[in-house]
Structures are given as C-alpha cells and as structure tokens.
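First comes the structure, then the notes that go with it.
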Amino acid sequence: MEETKLRVLTLNVWGLKFISPDRPLRLQGIIDHIRQPVSGSRGVESKSDIAYDVVCLQELWIYSDFEKVRDGLEEVFPESKFFRSGALGSGLAIFSRFPIISTHTLPYSLSGLPLHVIAGDFFVNKAAGSCVLLHPKLGEVEVWSTHMHAANEGSEIVQAHRMAQAWQLADHIRASAERGRYVIAAGDYNSSPWSLPIAILKDYGCMLDSWTEAHPAASLRTETPQSAEDAIESFGMTCDSPINSYSAGKPLTDTAKQWKGKRLDYIFFRGPDIARRRPLQWKFKRDRGHDQTHDAGDGDVLQQGEPISSSMNKAPTLTCNSSRVVLTGLVPGQSFSYSDHFGLCSTFTVVPADPKSDPAVESDVPQNRPLPAGSSNNTSTSEPLVTLDLDEAQASYNWSPAHVSPRTHNLSATKTQTINSAVQTLKAYTILARKDARFHLRIFGTSIIFALALTISSAWQPKSWIQPIWTLLGVAAGALGATMLYVGFVWGEWEQNLLMEVTEQMELELRVSELEEKGGSP
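For the sequence shown, position 30 (counting from the first letter as 1) is numbered 30 according to UniProt numbering, and the numbering increases by one without interruption.
Written out as structure tokens, the structure reads:
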C-alpha cells in the first residue's frame, strides 16, 4: 500500500465467551476478511497488497482469541498489542503494519456500577488502549482503540460515565498532539453523533470525525433513510441494522427503528499541535518471537530521517477522503453476520506541506543535526530505534499545521456550550449518585438490624428445624448488608469524588475558554 495512504479498520467483534453465538466461525471470517488483498490484486504477495494498515478491535475478550487473530495476521500485521484492564480485561487490541514504539492502557476512572453485574462494565473496567506507530511519512502516529460505557439510552444524565470517559480520553489525545503526534482514535463509543460524549471529543479534543469529513452531506440531511442500505451508505449505521442477522428478534429503540440502525462506531483523527520532536527514523525491520526482546543487528536497517528543522516546515497534513461501513454481509458459507456490529474503514491521505506557504519557518532553527553515534544508512548497525535529544533552539520551536488551529483559536462558542452542558449534566448526575448512595446505606442499616434479629430469635424457636432457616436468613441479610456497605459507602464516595474531580476540571477549562474568547488571559 502507498505510504501516502493510511487505511484504518475498527470493529467490535462481539467476542463474549459462552454468550456470543458462532464466535469461532465469526472470528475466522474476520481474520480472512482482514487478510484479503486490495481490490484488483490477485493475491497477497506482499504487505502492500493488504487492504488495511491498522486494525482496531473491541470485545476481543479472550486472550486465546487474540492469539488466534494475531497468528492469523502475523504475516501481514507483524505488530500487535492486547490491552489488559479490570478483572476480565478490556477486550481491546490493535494490529499494525508499522512498527509499534510504545503502548499505553488507559482504564477509565468511571465505568458503570458494581450492582450492574449483567452489564459487566464495572468488572471489565472499560478502557482505551494506544499504540504509537512509526509511519514513514507522518512520523509518530498514536492510534487509540476504545470501548466506552454501554449505558442504556435516555437522558444525558444516565450517560454521565460516558461523558467522563470522553473527557479523560480527550485529555490524553490533547497531550499526545502537544507532543507532536498525529492521533487516530477508533472504536465503539456507544454514543450517537449528536451526543455530549462525541461533542466533547470534537470540541475539547479537537478531533475530526472521519465519516463526516468524507460524507459532509450526512450532517445536513434531516430525512430518515429509505432503507437499511441507505442508512449504512449515507449515515454510517453500524449497529442494530435490519440487515444484520443478530438484530432479528432483538428489542430495538424507536430511534433505531426510525433510522434503520445506530451509529456507534467512529474513527476520529487530528494533527499535531507542534512539529514532531524527533527526526524520522525508519526501515527498522523486526524478526523476533512474541515473547522475545530484540536489538538491532544484522538484517536490521536504521535510517536517519530529515533534520528536525526540515520536519517542522515540511510536516504533512492528514486528511480523510474515504470512509465506509464494511463487513455488512454474511460470513462466507454461513447464515450469520460477522458480528452484531458492522466494521468501519477510513482511508486517510498524507498531503505534503508546502514550505513556501508555511509562515512558521524561522531562520534561526538549526538546519543540520548529526547522526547519532553508530548509526548510518548501511544495514550494519548496532543502534536500536532511538529518541534523539533536542537542543534549546529546537525544543522551544512551536508549530501548528493549517488544519489544526492553535489552542487560542480552538476555543469557540461551541466548545464553551459543550463543556457547560457537560458540567450541568455531571452535577445533576452527582445529585442522583448521592441519593443512591444514601439509599444503599439505609438498606445496609436495615439488613444489619434484620440479621441480628434473626440470629437472636433463632435461639427461641419452639421447633428445631426452624432454627437453621433463621440462621441462613440471618447470614443472607448480613451478606446483603456488607454488599450495601460497599456499594453505598465505598463505591458511593468513590464515584462522587471522581465525578467532582471531572466536573472541576471541566469548570476550570470553561473559565479558561471564556477568558480566551474575550481576548484575556487566565
């Protein structure tokens, strides 16, 4: 595949053990699809023939399933990462054609309630996982795969945890962009396009929605789709579609019925806030086992990239020119779909910058920098992939690409409205959380009294066979009391403190935004 193109696939594979039907066959079908060559190729002769460069999967809960996917894609996707969190894992994984130079798991601080055992979000601890990839044209690209809280639909108040997750992810995305990285965030956000979590990612995280970038008319169209196919092609519906075999017989909301599905899966992207801070080092071949470390040696190639000054004034722009819903059919030879979600594929184009039109180029930026010791353009080298230190002139140089405005220009009225709405929603939910905590504590007190009464009265029963029943009821009441103490006090205070922390962060950002909009300083 061309180095000026970057194709990203995201898919919720629905890989729940014992629960998701047809899981092994569906997983093999997904592997076969990812391995398929680009249209027009006769077969997979090289990595350039593969239809995707980066694959982000969600709900890949079982590690043996990850191993199956990894082994099936290893020939064409040599780099992969399985992200762990919570008691049952995050279910997130990333597969890449490009070298992975660092990874990070971000467990969301708020991820459902402990009493919602069936939903399970609290126990898996929903998360986001990132891999920093080294791209031959863009340099460092941080790719996130995420799966957000699956709260029931309704008012924004019941979706407060998802808003907190969006804020937490947007914070890390901004930090990554400030380090000079391009950022792509893909996954199952469990949010509609007009919801507050999506608005937070766009307005606070400065992310662009690849679907609306490729389909600008989608955000303007108000009439409902005429068919399920129209909903997929025009609005990017990826879940609860009538043509998905697993939607048959499933209770759907009125909105899902009206719009022929839901759009829950997204691929967001943005450029860096400053130029990349290390010269590009590429052509680093890896030949190692899954559990082996590797140092550069014979057969490896380390190649020095352009000087930092050249990287600054020639930093390319990332644009999305194509985004489409994929895996909408049935698994070949089977009567069921690949998953209860469809996949989403976005194709990005790397547009070279024109240094003549870049006003940020400064004459005092050093034009040359030496190669690191021991490195050369030859294949014989003992240096691994390295991070190069910057001198003072380079470290103080700031740059912002044309398609991503500097911080002061991003503070629009829309952003202020989004944060203000989120603050009000979190405050309303905090009141509900406090009431729930007090209710659970009242149950705790009642159950303890009930347990004591049963235990004491069991000694005065006239019939001996009643005594064990009273004792068992007392034990059950005590267990209920312990659970309510945990939920009402430990989790209740925990949740409220986290909600207040996120609210305070938003309020601070809101004050800064309002000051900057007025032209003042914080």
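Positions of the beta carbon are idealized from the N, C-alpha and C atoms, including for glycine.
Two segments are said to touch when three or more pairs of C-beta atoms, one from each, lie closer than 8 Å; by this definition the stretch 504 to 519 does not touch the stretch 446 to 457. When the five nearest sequence neighbours on each side are left out, no beta carbon in the same chain lies closer than 7 Å to the beta carbon of E229.
For Y246 against S337, the beta-carbon gap comes to about 6 Å, under 8 Å, which counts as contact.
With respect to the 8 Å criterion, S339 and N12 are classified as neighbours on the basis of their beta carbons. Exposure of N321 is indicated by the presence of fewer than 16 other C-beta atoms within 10 angstroms of its C-beta. Selection K126, A166, L6 and T105 evaluated against H135 yields L6 as nearest (Cα-Cα). By the Cβ criterion, the stretch 172 to 190 is in contact with the stretch 141 to 148, since at least three pairs of Cβ atoms, one from each stretch, lie closer than 8 Å.
DSSP places A479 inside the alpha helix (DSSP H), whose first and last residues are I466 to L485. Between the stretch 433 to 447 and the stretch 471 to 490, the count of C-beta pairs closer than 8 Å reaches three or more; the two stretches touch. Judged by DSSP in its simplified three-state form, P332 adopts coil rather than helix or strand.
With 16 or more other CB atoms across the displayed protein chains lying within 10 angstroms of its CB, D203 is buried.
DSSP, reduced to helix, strand and coil, places Y246 within a helical segment of the structure shown.
Between the C-alpha atoms of L220 and L327 there is a straight-line separation of about 26 Å. With contacts defined by Cβ atoms closer than 8 Å, P193 and A166 do not form a contacting pair. With a cutoff of 8 Å on beta-carbon distance, G474 and H440 are scored as not near each other. Bridge pairing for N12: Q58 [DSSP].
Distance check between R26 and each of R174, P332 and L113 places P332 closest, using alpha-carbon atoms only. Look at L327 here: in three-state DSSP terms it is coil, with no helix or strand label. The bridge partners DSSP lists for F269 are I184 and L208. When C-beta atoms of the stretch 80 to 87 are compared with those of the stretch 106 to 125, three or more pairs fall below 8 Å, so the two segments count as touching. Burial check for K463: the Cβ neighbour count within 10 Å stays below 16, so the residue is exposed. When C-alpha distances from T238 are compared across D254, Q226, A217 and W211, the shortest belongs to W211. Secondary structure at W494: helix, using DSSP grouped into helix, strand and coil.
Using a 10 angstroms sphere on the CB of M207, the tally of other CB atoms reaches 16 or more, which defines it as buried. Taking each of A231, A433 and F268 in turn and checking the Cα distance to W259, the smallest one comes out for A231. Annotated three-state conformation of G343 is strand, per DSSP.
When DSSP reads this structure, V502 sits in no beta bridge, so it has no partner. In this structure S227 is exposed. Its beta-carbon is surrounded by fewer than 16 other beta-carbon atoms within 10 angstroms. Secondary structure note for W460: it is in no beta strand (DSSP E), with a DSSP letter that is neither H nor E. When secondary structure is reduced to three states using DSSP, P107 falls in the strand class. Under the DSSP definition of a beta bridge, P78 lacks any partner.
For F95, the enclosing beta strand (DSSP E) has its first and last residue at L92 to S96.
Look at T146 here: in three-state DSSP terms it is strand. For I50, the secondary structure class from DSSP, reduced to helix, strand or coil, is strand. A distance below 6 Å between beta-carbons, with the five flanking residues on each side excluded, links A93 to the following residues of its chain, in chain order: L57, L60, F66 and F82. The distance from the Cβ of H161 to that of S111 is about 6 Å, consistent with a contact at the 8 Å cut-off.
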